Amino acid sequence: MRPRSYRYHSTVRTLSLFASALTCIIVIIQPAFGKVDSVTNIFRPLSQPAQEIKETSFLVLAICAVIFVIVGGLLVYAIVRFRHRPGDEATEPPQVYGSNQIETAWTVLPILIVFVLILVTSRTIADIQNRKPAIGSVSATVVGHQWWWEIRYPELGIVTANELHVAASNEGNHRPTFLKLQSADVAHSFWVPQLGGKTDLIPNRENLMWIAPTEPGTYLGNCAEYCGMQHARMLLRVVVHTPQEFEQWVREQQQPAVEDASASEGRKVFFANSCVSCHAIRGTSAKGVFGPDLTHLMSRQTLASGAALNSHDSLRAWIRDPQKLKIGCLMPNMQMSDKEVDQLVAYLETLR
Ligand code: CUA
0 MRPRSYRYHS TVRTLSLFAS ALTCIIVIIQ PAFGKVDSVT NIFRPLSQPA QEIKETSFLV
60 LAICAVIFVI VGGLLVYAIV RFRHRPGDEA TEPPQVYGSN QIETAWTVLP ILIVFVLILV
120 TSRTIADIQN RKPAIGSVSA TVVGHQWWWE IRYPELGIVT ANELHVAASN EGNHRPTFLK
180 LQSADVAHSF WVPQLGGKTD LIPNRENLMW IAPTEPGTYL GNCAEYCGMQ HARMLLRVVV
240 HTPQEFEQWV REQQQPAVED ASASEGRKVF FANSCVSCHA IRGTSAKGVF GPDLTHLMSR
300 QTLASGAALN SHDSLRAWIR DPQKLKIGCL MPNMQMSDKE VDQLVAYLET LR
């Protein structure tokens, strides 16, 4: 038999291990319950299908929690009740060789539980996947790039980047936005936790999903599939408007770029450099498709797919050396002089 102090120490060690594991788990999942604007907050869905997904996952969690409590309770009971006691060496515990009732019970019960889980989840999946776009519903194509999001509204003639704008649904007016998800290079994943589940963007394939948010606001999302060096800075925003505001946004985005005579120097810099081979500005000869469309650049909240807020200073820093702000990104340092950078920024700031 082991000395008492050894048993005492091993108990303390086990308990402290358990406590630190529990702390780690709490630290990891806490943000999901805490801040309302937390990116990983999946427990405050404000849209279908996120709502439906939450209900299903809570049911699954509840079933699993009951199983955990029963199994864990029996385990703890057995450990305490049948622990080693002084004098146990003399006798052998009773030997049990099988029980038909117990074996039947622990075979049939899990089968029933798994069957219920299959039914519930497949009903939710079918319900979400079989939703068909109604006449007049908006559809957008989201193309994943290393490391930004191209967003097109083919029927509306709008091309933008990193910010998906949709109209809110309400009780009487259910207007889901349907998304066609594609990739220009590697696999990415579209994930806005409060609005819907994750759906991958896979090269040479088109995946579909839809969202029907009910509360206007800005929702943060991110790429949820490792796609290279700047995967963590492939952030996404979904801006939910009231239907009237959405119409307004559409009208603004449909306009070609404004031509502001005061920024003609910067315009020259833009067209004299190779900016035009990657970026498009509607209404001009710039028709590049490798980088984000800049027609209404200043209407967007962020730069470089959320790497920085869209301000004068970060725009300047971004053009000066994109590799400093987002190392590895495909936008090269154009080696412009300070004067050229200022002129170019002045031009870009006219693209409202
Ligand atoms: Cu795109 Cu990760």
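In numbering that gives the first Met the number 0, the protein residues as written are 0 to 351. Think of the CB as a built atom: it goes at the ideal place given N, C-alpha and C, for glycine as much as any other residue. Just so it is clear, the structure is predicted and the values come from calculations on it, not from any experiment.
Simplified DSSP assignment, three categories, for residue i
| i | result |
| --- | --- |
| Pro212 | strand |
| Thr349 | coil |
| Ala231 | helix |
| Phe289 | coil |
| Gln47 | strand |
| Ala279 | strand |
| Val340 | helix |
| Gln128 | helix |
| Phe270 | helix |
| Lys323 | helix |
| Trp146 | coil |
| Val297 | Inspection of the sequence shows that residue 297 is occupied by Met rather than by Val. Met297: helix per DSSP, three-state reduction. |
| Val315 | Before going on, a small fix: residue 315 reads as Arg here, not Val. Note: Arg315 maps to helix in three-state DSSP. |
| Arg80 | helix |
| Cys23 | helix |
| Ile41 | coil |
| Leu329 | coil |
| Glu244 | helix |
| Cys63 | helix |
| Glu258 | coil |
| Val119 | helix |
Of the residues the options, the one placed nearest residue i, counting alpha carbons only
| i | options | result |
| --- | --- | --- |
| Thr217 | Val344, Pro153, Arg299 and Leu73 | Arg299 |
| His164 | Ala139, Pro153 and Val288 | Ala139 |
| His230 | Glu348, Gly220 and Val237 | Gly220 |
| Val115 | Pro242, Ala285 and Ala61 | Ala61 |
| Arg130 | Cys274, Leu207, Leu200 and Arg80 | Leu207 |
| Val70 | Glu246, Pro109 and Gly86 | Pro109 |
| Val137 | Glu339, Arg232, Val249 and Ala125 | Val249 |
| Gly156 | Lys53, Leu293, Gln252 and Thr176 | Gln252 |
| Trp209 | Ile201, Leu111 and Phe177 | Phe177 |
| Val158 | Ile66, Pro255 and Thr106 | Pro255 |
| Glu205 | Gly195, Val191 and Ser182 | Ser182 |
| Met333 | Phe289, Ala345, Phe269 and Ser284 | Phe269 |
| Ala211 | Pro132, Phe17, Ala223 and His8 | Pro132 |
| Val141 | Tyr152, Gly135 and Ile134 | Tyr152 |
| Thr10 | Ile78, Cys274, Gln100 and Glu88 | Ile78 |
| Leu347 | Leu14, His311 and Pro321 | His311 |
| Ala125 | Gln100, Gly327, Arg80 and Glu51 | Glu51 |
Own chain partners of residue i with C-beta closer than 8 Å, once the 5 adjacent residues on each side are dropped
| i | result |
| --- | --- |
| Ala316 | Ala307, Lys323 and Leu324 |
| Lys53 | Ile41, Phe42 and Pro44 |
| Thr301 | Asn161, Glu162, Leu234, Arg236, Ala307, Leu308 and Asn309 |
| Pro242 | Ala166, Ala167, Asn172 and Arg174 |
| Val35 | Confidence in Val35 is poor, its pLDDT being 48 and thus under 50, which makes the residue's placement too unreliable to answer from. |
| Leu194 | Pro44, Leu45, Ser46, Ala49, Ile210, Pro212, Tyr218, Gly220 and Val237 |
| Ala285 | Phe269, Phe270, Cys274, Val275, His278, Ala279 and Leu293 |
Bridge partners - residue i, DSSP secondary structure assignment
| i | result |
| --- | --- |
| Arg151 | Thr140 and Val158 |
| Trp190 | Asn221 |
| Arg236 | Glu162 and Leu219 |
| Ala307 | Leu302 |
| Thr198 | Phe189 |
| Leu207 | Lys179 |
| Asn172 | Asn169 |
Cβ shell of residue i (< 7 Å), same chain only, five flanking positions each side left out
| i | result |
| --- | --- |
| Thr349 | Val257, Asp259 and Ala262 |
| Arg351 | Val257, His295, Met297 and Ser298 |
| Glu214 | Leu45, Ala167 and Val239 |
| His144 | Ala183 and Asp184 |
| Leu74 | none |
Close beta carbons around residue i, own chain, < 6 Å, minus the five adjacent residues each side
| i | result |
| --- | --- |
| Leu234 | Asn221, Ser304 and Gly305 |
| Leu118 | none |
| Gly227 | Gln145 |
| Thr198 | Leu180, Phe189, Asn206 and Met208 |
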